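Since the structure comes first, as structure tokens, the remarks are kept for the end.
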Amino acid sequence: MKAKLVVLVVGFIIGVGVISSCSKKEQKVTEVPADNMIIIGFSQVGAESDWRIANTKSMKSALSEANGFHLIFADAQQKQDNQIKAIRDFIAQEVDVIAIAPATETGWDVVLQEAKAASIPVIIVDRMIKVSDESLYTCWIGSDFENEGREAANWLIQYWKESGKDKEDQNIVILQGTIGSTAQIGRSQGFNEAIKAYSNVHVLAEQSGEFTQAKGQEVMESLIKQYDDIDVVVAQNDNMAFGAIGALKKVGKNPGKDIIVISFDAVKAAFTSMIEGEMNISVECNPLHGPRVAELAKNIMKGVAVNKIQYMEERVYTQENALTELPNRQY
Ligand code: AHR
């Protein structure tokens, strides 16, 4: 950590070299970290959803100076290219650890080989990556997205049974997240696998709303124009579900009643929506990775072996338990 500190300070003083090319980095080195601090670069996907904002908050508060970290944070604005640039900057700055919340699963081999060549351990957070060599990252912490999709489908199948609708034709539209992200791939696989045994269940359309509320609303408005017989909307995150609910209300539909709304994340606003009867279920995706990442980074720096894969604990929330759970929600 000390050697890296020297690099940072020298770069700042002479105003040239790897850390002098951008004013943001110069700002960072003015806050010179103490030599016992872990310098960690975190490449975040963006700020596309309430979930992501909660994730950033959790990471920033756990990777704090008070907790022994000097954090260099980079927001990629949902672009993998920006993430690759940020990782190269972290390598140039000789950080101790790199953490990445990857936008999509593929396309990481080259930049992670560069991190490995520089002997910088890499922690993958939230979504997974697909690489040719598993030693390119030290560990991953995130959600079982496929299980989340399965949980959503199981709830729906049970709901149809309990309401005597399990023999009727059912039409579903799916608002997917960012295509190629583990959250999109896993939730789609888990959900579609679980419903495929039911011949009365039809998926009319699957279209990406990019995990944002605005795009979710836009896609839903277009689906409403194409299909007049939608029974269920599956939005792969809460923000797209809020957009879809807005689109349904605009045309006089009753989301949560005429049309079932299934969602993922379980952010605070989803609880309000379930209490108001507009969203039926939100399968939790836990964004509070910060404390676990901090612990992993400390162990890695001490040379303590860490588990390669770690899953977050998650639950399913519905209109039945939303009111009781709302006061406990942290995000
Ligand atoms: O990867 C986690 C997903 O990304 C969350 O479901 C979504 O809200 C976020 O943007």
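According to numbering that gives the first Met the number 0, the sequence shown is numbered sequentially starting from 0. The beta carbon of each residue, even a glycine, is placed where N, CA and C say it ideally should be. Since the model is a prediction, treat every value here as computed from it, not as a measurement.
For the beta strand (DSSP E) containing residue i, name the first residue and the last one.
i: Glu205; result: Val200 to Ser207
i: Gln175; result: Gln169 to Gln175
When DSSP labels each residue in this structure, what does residue i get in the three-state scheme?
i: Phe263; result: strand
i: Val231; result: strand
i: Pro32; result: coil
i: Pro290; result: helix
i: Asp257; result: coil
i: Asp108; result: helix
i: Gln212; result: helix
i: Gly242; result: helix
i: Thr271; result: helix
i: Val303; result: coil
Return yes when the C-beta of residue i is under 7 Å from any heavy atom of the ligand AHR, and no when it is not.
i: Trp50; result: yes
i: Glu47; result: yes
i: Arg314; result: no
i: Cys284; result: yes
i: Ala240; result: no
i: Ser180; result: yes
i: Phe190; result: no
i: Gly176; result: yes
i: Phe72; result: no
When the distance is taken between beta carbons, is residue j closer than 8 Å to residue i?
i: Ala98; j: Val250; result: no
i: Glu104; j: Met127; result: yes
i: Ala73; j: Ala85; result: yes
i: Leu247; j: Gly208; result: no
i: Gln212; j: Asn238; result: yes
i: Leu203; j: Asn170; result: yes
Strictly by DSSP, which residues pair up with residue i?
i: Gln309; result: Ile140
i: His69; result: Ile38
i: Ser281; result: Ser262 and Tyr316
i: Ala98; result: Phe41 and Ile122
i: Asp74; result: Gln43
Within the continuous alpha helix (DSSP H) that includes residue i, where are the two ends?
i: Arg87; result: Gln79 to Ala91
i: Asn59; result: Before going further, note that residue 59 is Lys rather than Asn in the sequence given. Start and end: Asp49 to Ala61.
i: Gly185; result: Thr181 to Ile194
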